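The number in the working numbering is simply the position in the sequence shown, starting from 1, with 101 added. Heads up, the thing below is written out as structure tokens.
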Amino acid sequence: MKTIVKQLPKVELHLHLDGSVRVSTVAELLNISYEEAYSQMVCDKNTHSLTDYLKKFELPVRVMQTKENLKRITKELLEDLKEEHVIYVELRFAPLLHTKEGLSQKEVVEAIIEGIKEVMGITCNLILCCTRDNLENEKNLETIEVAKKFLNHGVVALDLAGDESKYPTNLFQKLFEKAKKLGIPYTIHAGEASSYRSILEALRLGAVRIGHGISSIQNKELMNVLKENEILLEICPQSNVDTNIVMEKKEHPIKQLYANMLVSVNTDNRTVSNITLTEEYEDLMKVLDFTVEDIKTCNLNAIKCSFLKEEEKEQFRKQIEEGYCDTTYRS
């Protein structure tokens, strides 16, 4: 089954660049052992919450401060994704986190776009993240301006990321008023470490997708709203286990959510959660009885709700349909 799932065409919409850096690369750039880098970058038994989880980003962010490193890290990630037949990815990061050694947010985005251009055979667009802990919003507003500059030229959307339990979504209303005025679409992290009410707030602010959103299971009326408005949930099962939002995969509500609305499957952070998209699907098949047909549907959902233009979506739909047409894959 592993070989079969790996070779199927896949789409990932919720993937953080700084949470998906190769451990070997960080070890090399910081001149530390692989073991030391691994212990600080990958979840372990001491990871008990989203707050603990976010600490795993400190080491990779430290090396993501030069154009050369940003370009290399992006290139390596796309090579890893291409190897497991991910055909389209929306890669997200917060440019403001990579300006500590003098780069501007614009230069950060340019470096990452350069890295993307070096890998053929996979299509990648960028989602720029504003951060919840930047309450003064000055740098977040700059991120929005940079997103507008690169919109449809490498960047397709905005996001709001960080610890929603500490920094509620409603604190950032002015940001999204600005984004809406500039015509920039956005997804918002919500319903991950907070209740379903944070999803309601994200919808009120105009989010067209929801990052995580699993707490929607708490409210049937909200689930109906999401279904009726075709708001996709970018679900990241292993990440939810790592942050103790669910205790184990078999308790994850994704199967019920999948039966009632549009969902896609994502890794969130390949390195931090120590998982590939292939492995995410294999786990769902093993633990929650997902079929290959379900995998196909999740990927078609992802393309439907991606930030691609409609003609581009049609091209990827065809790739997915053709990739799953062999009956030997069906289960």
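Even glycine gets a Cβ: it sits at the ideal position worked out from N, Cα and C. Note that the structure is a prediction, hence the values are computed from the model and not measured.
Tell me which same chain residues have a C-beta within less than 7 Å of the C-beta of Y154, skipping the five on either side of it?
-> As a working mapping, residue 154 is identified with position 53 in the sequence shown. C144, T148, D343, T344 and V373, listed in sequence order.
7 Å CB neighbourhood of Q438 in its chain, flanking five on each side removed = Past the edges of the chain, shown from 102 to 432, lies residue 438, and the structure says nothing about it.
Determine the burial state of A262: buried for a count of at least 16 other Cβ atoms within 10 Å of its Cβ, exposed for fewer.
-> On the sequence shown, residue 262 is found 161 positions in, with the first residue counted as 1. A262 should be labelled buried.
Around the C-beta of R305, are 16 or more other C-beta atoms found within 10 angstroms, so that it is buried, or is it exposed?
-> Translated into the one-based positions of the sequence shown, residue 305 becomes position 204. Exposed, by the Cβ-count rule.
Compare the Cα-Cα distances from K356 to each of E322, M142 and T392 and report the closest residue.
-> On the sequence shown, residue 356 is found 255 positions in, with the first residue counted as 1. With distances taken between Cα atoms, K356 lies closest to T392.
8 Å contact criterion, which A258 and F408 should meet: CB distance rounded | The residue labelled residue 258 in the question sits at position 157 within the sequence shown. The residue labelled residue 408 in the question sits at position 307 within the sequence shown. A258 to F408, Cβ: 5 Å. Contact.
Leaving out five residues before and five after N170 in sequence, what residues of the same chain have Cβ atoms less than 6 Å from its Cβ?
-> For the purposes of this step, residue 170 is taken as the residue at position 69 of the sequence shown. Around N170: V164.
What are the start and end residues of each continuous alpha helix (DSSP H) run of 4 or more residues lying completely inside the region 284–344, in chain order?
-> 297–305, 321–329 and 338–343
Ends of the beta strand (DSSP E) at T152?
-> As a first step, residue 152 is located in the sequence shown; it is residue number 51 there, counting from the start. Note, T152: premise wrong, no beta strand (DSSP E); alpha helix (DSSP H) at L151 to L155.
Simplified DSSP state of E136, which is helix, strand or coil | In the sequence shown, the residue the question calls residue 136 occupies position 35. Helix, per DSSP.
Using 8 Å as the threshold, is the region 411–426 in touch with the region 207–223, meaning 3 or more CB pairs across them?
-> no
Classify T126 as helix, strand or coil using the three-state DSSP reduction.
-> Here the question's residue 126 lines up with position 25 in the sequence shown. Reduced to three states, the DSSP call for T126 is helix.
Runs of alpha helix (DSSP H) wholly within the region 184–228 (minimum 4 residues, chain order) = 206–218
Bridge partners of V256, per DSSP?
-> In the sequence shown, the residue the question calls residue 256 occupies position 155. Beta-bridge partners of V256 (DSSP): L227 and L252.
Counting Cβ pairs closer than 8 Å, one from the region 118–129 and one from the region 189–204, do we hit at least three?
-> Between the region 118–129 and the region 189–204 there are three or more inter-stretch CB-CB distances shorter than 8 Å, so the stretches are counted as touching.
Close beta carbons around G424, own chain, < 6 Å, minus the five adjacent residues each side = For this step, residue 424 is matched to residue 323 along the sequence shown. Hits under 6 Å: L109 and P110.
Would you call C426 buried or exposed, if buried means 16 or more other Cβ atoms sit within 10 Å of its Cβ?
-> Translated into positions along the sequence shown, residue 426 becomes position 325. Exposed, because fewer than 16 other Cβ atoms sit within 10 Å of the Cβ of C426.
Note down the Cα distance separating C230 from I289, rounded to an integer number of angstroms.
-> Counting from 1 along the sequence shown, the entry for residue 230 is found at position 129. Counting from 1 along the sequence shown, the entry for residue 289 is found at position 188. Approximately 9 Å between the Cα atoms of the pair.
Based on Cα-Cα distance, which residue from K328, N320, L363 and E239 lies nearest to E335?
-> As a first step, residue 335 is located in the sequence shown; it is residue number 234 there, counting from the start. Nearest C-alpha to E335: L363.
Is A138 near V122, with beta carbons less than 7 Å apart?
-> As a working mapping, residue 138 is identified with position 37 in the sequence shown. As a working mapping, residue 122 is identified with position 21 in the sequence shown. Taking C-beta atoms as the reference points, A138 and V122 fail to come closer than 7 Å.
Grab the span of the beta strand (DSSP E) containing E113 for me, first residue to last.
-> Within the sequence shown, the letter at position 12 stands for residue 113. Where E113 is concerned, the enclosing beta strand (DSSP E) stretches over K111 to H117.
Contact the region 263–271 vs the region 233–245: 3+ CB pairs below 8 Å = yes
Selected residue, minimal CA-CA separation from C399, among L160, N370 and E381 = As a working note, residue 399 is residue 298 in the sequence shown. Closest option to C399, Cα to Cα, is E381.
Just to confirm, are C337 and N367 a CB contact at a threshold of 7 Å?
-> The residue labelled residue 337 in the question sits at position 236 within the sequence shown. The residue labelled residue 367 in the question sits at position 266 within the sequence shown. Going by C-beta atoms, C337 is nearer than 7 Å to N367.
Same chain, Cβ closer than 7 Å to S432, neighbours up to 5 away in sequence not counted = Indexing the sequence shown from 1 puts residue 432 at position 331. Only weak support exists for where S432 lies, its pLDDT of 47 falling under 50; the value from the coordinates is given anyway. Excluding positions up to five away in sequence, the list reads T392 and V393.
Extent of the continuous alpha helix (DSSP H) to which V143 belongs | Stepping through the sequence shown from its first residue, residue 143 is reached at position 42. It is not in any alpha helix (DSSP H) - V143 carries neither H nor E in the DSSP assignment.
Apply the 10 Å Cβ neighbour rule to E293 and answer buried if 16 or more other Cβ atoms are within range, or exposed otherwise.
-> The residue you call residue 293 lines up with position 192 of the sequence shown. Buried, by the Cβ-count rule.
List the whole-angstrom C-beta distance separating S340 from N375, where the pair is believed to meet the contact cut-off of C-beta under 8 Å.
-> Looking up residue 340 in the sequence shown gives position 239. Looking up residue 375 in the sequence shown gives position 274. Contact between S340 and N375 does not hold, since the beta-carbon distance rounds to 11 Å and is not under 8 Å.
In chain order, each alpha helix (DSSP H) run of at least 4 residues that lies wholly inside the region 363–403 | 378–389
Ordered along the chain, which non-local residues of its own chain (more than five positions away) have a Cβ less than 7 Å from that of C225?
-> Counting from one through the sequence shown, the residue named residue 225 turns up at place 124. Answer for C225: L179, V190, L192 and I217, listed in chain order.
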